[in-house]
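In the numbering used here, the protein residues as written are 416 to 710. Glycine residues also receive a C-beta, built at the ideal position from the N, C-alpha and C atoms. Encoded as structure tokens, the structure appears first; notes follow it.
Here's what the structure looks like:
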């Protein structure tokens with residue numbers, strides 16, 4: 416997946432009609448039917464995925480850190496520039512049987528999708544500036560593909576279930592007003608040991624929570640009662656929290672953190688809701704605060 420500003424501009428002219436709108440009605444049907452490229456369908460994936468860690472620097476370049484299989488990351492690969500104007504960057508494994516590190520990005524109120532193994536960038540929809548946060552929790556809605564979650568200005572959460580071609584189904588509300596009290600939403604996979612993808616949230620006061628996924632993709636039913644992981648997780652301790660799934664290959668979803676000094680830390684998942692993470696392990700030295708976005 417090498418994308419530059421030039422290919423983005425060309426792709427924007429080549430793509431057909433909008434296929435998913437942020438203001439789509441609550442429905443299990445696609446918001447609209449548009450012109451899309453054919454890509455491989457994603458098969459159902461068992462267990463958490465292991466995806467790369469991506470970072471964006473102020474020069475607009477994206478850097479890909481592939482997992483090394485033991486919890487750390489390999490040397491960075493520069494994927495190219497042109498992403499300096501993106502107001503949201505989201506990784507999702509839609510293609511390559513759910514293993515590909517595909518990318519959604521928002522520019523000028525429009526959400527785009529590009530596949531890791533594809534050559535085309537596609538328009539997903541317009542009107543996406545209504546969300547002040549976009550992320551992917553993995554497969555929260557129970558389909559084979561990863562999903563997108565957006566938070567609107569009122570603090571409500573909305574789930575867009577993914578499709579194998581990178582497009583999205585119509586939105587479903589999964590959280591009512593109040594989510595603006597969280598400054599981080601992350602998670603990719605199961606943290607509680609029940610086999611369902613969960614959502615991790617950090618409050619502005621530094622408390623970390625897990626919202627267990629139910630696998631029920633109906634309005635206000637996708638998340639269970641939250642579990643408190645602990646306090647002291649605020650920005651004074653960790654500037655960034657992000658998950659790429661199962662970082663160390665043990666079958667459990669993990670959490671990655673960057674401290675104010677720029678060091679990278681891995682919290683290995685245990686699969687136990689009462690104590691979901693083992694003691695942190697340093698996997699990167701100083702320098703990680705050079706990224707303005709990690710995902």
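Quick one: which unbroken beta strand (DSSP E) runs of 3-plus residues sit fully inside the stretch 557-642? Chain order, please. As summarised for the stretch 557-642, the continuous beta strand (DSSP E) elements at least 3 residues long and confined to that stretch are 562-567, 572-575, 587-590, 597-601, 614-618 and 623-626, given in chain order.
Under three-state DSSP, which class holds residue 701? Your numbering for residue 701 matches position 286 in the chain shown. Residue 701: coil per DSSP, three-state reduction.
From what residue to what residue does the beta strand (DSSP E) around residue 672 run? Along the chain shown, one-based indexing puts residue 672 at 257. Residue 672 -> beta strand (DSSP E) spans 670-673.
Might you give, ordered along the chain, the residues of its own chain that have their beta carbon closer than 6 Å to the beta carbon of residue 709, omitting 5 neighbours on each side? On the chain shown, position 294 is the one that residue 709 refers to. Contacts found: 470, 655 and 657.
Pull up the distance between the alpha-carbon of residue 619 and that of residue 643, whole angstroms please. The residue labelled residue 619 in the question sits at position 204 within the chain shown. The residue labelled residue 643 in the question sits at position 228 within the chain shown. Approximately 14 Å, taken between the alpha carbons.
So who's on the other strand from residue 532, going by DSSP bridges? Reading the chain shown from its first residue, position 117 is the one you call residue 532. Paired residues: none, contrary to the question.
Starting from the C-beta of residue 706, find all residues in its chain whose C-beta is less than 7 Å away, skip the five residues before and the five after it, and write them out in chain order. In the chain shown, the residue the question calls residue 706 occupies position 291. Contacts found: 470, 471 and 472.
If you pair each beta-carbon of the stretch 601-620 with each one of the stretch 547-558, do three or more pairs fall below 8 Å? yes
Can you have a look at residue 662 and say buried or exposed, based on whether 16 or more other CB atoms are within 10 angstroms of its CB? Locating residue 662 in the chain shown gives position 247, counting from the first residue. Residue 662 should be labelled buried.
Measure the CB-CB distance between residue 641 and residue 616 and report whether it falls below 9 Å. Here residue 641 refers to the residue found at position 226 of the chain shown. Here residue 616 refers to the residue found at position 201 of the chain shown. It is a contact, given that the beta carbons lie within the stated cut-off.
Per-residue burial, residue 537 [other beta carbons within 10 Å of its own, 16 or more giving buried]: Here residue 537 corresponds to residue number 122 of the chain shown, with the count starting at 1. Label assigned to residue 537: buried.
So does residue 609 have its beta carbon nearer than 8 Å to some heavy atom of the ligand GDP? Of ligands this structure carries none, so the ligand GDP is not represented either.
From 465, 633, 594 and 539, pick the residue whose C-alpha is nearest to that of residue 624; which is it? Position 209 of the chain shown, counted from the first residue, corresponds to residue 624. With distances taken between Cα atoms, residue 624 lies closest to 594.
Check residue 665 in the structure and name its three-state DSSP category. Translated into the one-based positions of the chain shown, residue 665 becomes position 250. Note: residue 665 maps to coil in three-state DSSP.
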